[in-house]
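Residue numbers for the sequence shown follow the working numbering, beginning at 859 and rising by one.
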Amino acid sequence: MPGVLKPLTTLTLLLAATAAAQALTLIHDEGKTTVPAKPQRVVVLDEEALGWLAALGVSDRVVGLGSTYFTPDDLSGGKIKPEVLKQGFYGRVKLNSPAYIGSWTAPNLETITALKPDLIVRLTWQGNQNYEQLSRIAPTVGYAEAGAAFWQRGLRDLAKVFGKQVEAERVIKQVADTHRANARKLLAAGVFRKYPKVVVVAPFAGGTNWLYTDVRLVPDLRALGFKDGLRGAKITLGVGSAISDEALLGLDKQTLVVLFPPGGKYNGAEAFLNTPVGQRLKAQSVVYVPEDFSPYSGPLTSLRHSAALTKLILEKVK
């Protein structure tokens, strides 16, 4: 028996050493996490995280998906209906019937545990909850939307995990090249002589309007050549701030107003344009509606933003 136990012990140690060598330690916006290399079962708590995996070509490993977009009609037996997964952003992403695991603010920890994930990925912000609970289920990494170049950081970290560094750099370069090409089109058309500045306003159903100043479309518009038209006084969760009618009415005629409504039932763009403020700004406004189930940001989203916004703006200044 001693002769049998020794080889088994050696083999166990070798396997443990190999596993440790394959694991990576990531320093992210919620802590320091050791992640197994090339995980096969991934839970994403939002479309942003899904977009990063899709850009790396590994979205088919997503076994659980969180979202705030879904209604009860979109779900069946704890799964997202197949027809829903063919719509909008999901239709551009390879998915294998992931389970619905709740929203990013209220994930279903029991469902996530039952999925036995190797990795959990999420967008995060100051004061976000559930990190410790999620980390007890599986290694969890989160990237703050307010952080500088946050999706590039998240993409590069995940690329190391999945061995997809070449793909990550390719898509990051593709986004930058696309912005530069579209910026040249806008410049040649004289857009910046008419509208050198821009503001991004999110009109929510119910009448509340938000100003985005550093995230959610703003980085893409800066890359296209626009200057900031207005800064918010107090930023909430690093995302944006409520903006008053008075502040909107104070915008000058050289500021392009990009109305960027939230998706689904939260979209208040049409109602805003029917208000006195919306009517006053209509001549200098464009409405940019994201595709269904779209992330607010990320490499695939930036590519769409760049092309669609350039087209909208060129049509506006004809």
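Backbone N, C-alpha and C define an ideal beta-carbon position, used for all residues, glycine too.
{"query": "How would you call K1169, buried or exposed, if buried means at least 16 neighbouring beta carbons within 10 angstroms?", "result": "exposed"}
{"query": "Are the Cβ atoms of V1033 and S1160 separated by less than 8 Å?", "result": "yes"}
{"query": "Give me the Cα-Cα distance between R1038 and N1067, rounded to the nearest whole angstrom.", "result": "30 Å"}
{"query": "Would you decide whether G935 is buried or exposed? Buried here means 16 or more other CB atoms lie within 10 Å of its CB.", "result": "exposed"}
{"query": "For V901 and I959, I'd like the C-alpha separation in whole angstroms.", "result": "8 Å"}
{"query": "Report the residue from L981, A1127, R1014, L1117 whose alpha carbon sits nearest the alpha carbon of L903.", "result": "L981"}
{"query": "Which residue comes first and which comes last in the beta strand (DSSP E) that contains K890?", "result": "889 to 893"}
{"query": "Taking Cβ to Cβ, would you say L908 is nearer than 8 Å to V1019?", "result": "no"}
{"query": "Name the one or two DSSP bridge partners that T982 has.", "result": "A1002"}
{"query": "How should V1024 be labelled, buried or exposed, when 16 other C-beta atoms within 10 angstroms of its C-beta is the threshold for buried?", "result": "exposed"}
{"query": "In the DSSP assignment, find the alpha helix (DSSP H) that holds P989 and state where it starts and stops.", "result": "Looking at the sequence provided, one finds Tyr at residue 989 rather than Pro. 989 to 995 is the extent of the alpha helix (DSSP H) around Y989."}
{"query": "Go ahead and pull the three-state DSSP assignment for N1040.", "result": "helix"}
{"query": "Buried or exposed, going by whether 16 or more other CB atoms sit within 10 Å of the CB of A1127?", "result": "buried"}
{"query": "Under 8 Å Cβ to Cβ from A1165, same chain only, skipping five residues before and after it: list those, please.", "result": "T1036, N1040"}
{"query": "Could you say if the stretch 1141 to 1151 and the stretch 1108 to 1122 meet the contact criterion of at least three C-beta pairs nearer than 8 Å?", "result": "yes"}
{"query": "Residues in the same chain with beta-carbon distance under 7 Å from Y1001, minus the five sequence neighbours each way, listed in chain order, please.", "result": "H886, D887, L981, T982, F1008, R1011, G1012"}
{"query": "Pull up the distance between the alpha-carbon of S925 and that of A1047, whole angstroms please.", "result": "39 Å"}
{"query": "Ordered along the chain, which non-local residues of its own chain (more than five positions away) have a Cβ less than 6 Å from that of L992?", "result": "I978, T998"}
{"query": "Less than 7 Å between C-beta atoms, sequence neighbours within five positions excluded: which residues of the same chain meet that for S1143?", "result": "V1115, L1117"}
{"query": "Check each candidate in A1141, L1139, V1056, P894 and name the one with the smallest Cα separation from D1015.", "result": "P894"}
{"query": "Using only CA atoms, which one of L1044, R1028, L1106 lies nearest to A1060?", "result": "L1106"}
{"query": "Looking at the unbroken alpha helix (DSSP H) that takes in W910, where does it start and where does it end?", "result": "905 to 913"}
{"query": "Going by CA-CA distance only, name the one from D1078, L1069, R1051, G946 that's closest to D1103.", "result": "L1069"}
{"query": "Quick one: what does DSSP say G1065 is sitting in, helix, strand or coil?", "result": "coil"}
{"query": "Spatial neighbours of K1174 within its chain, please: C-beta separation below 7 Å, excluding the five flanking residues on both sides.", "result": "V1144"}
{"query": "Kindly list the residues whose CB is nearer than 6 Å to the CB of I1101, restricted to its own chain and excluding five residues on each side of it in sequence; keep chain order.", "result": "N1067, L1069"}
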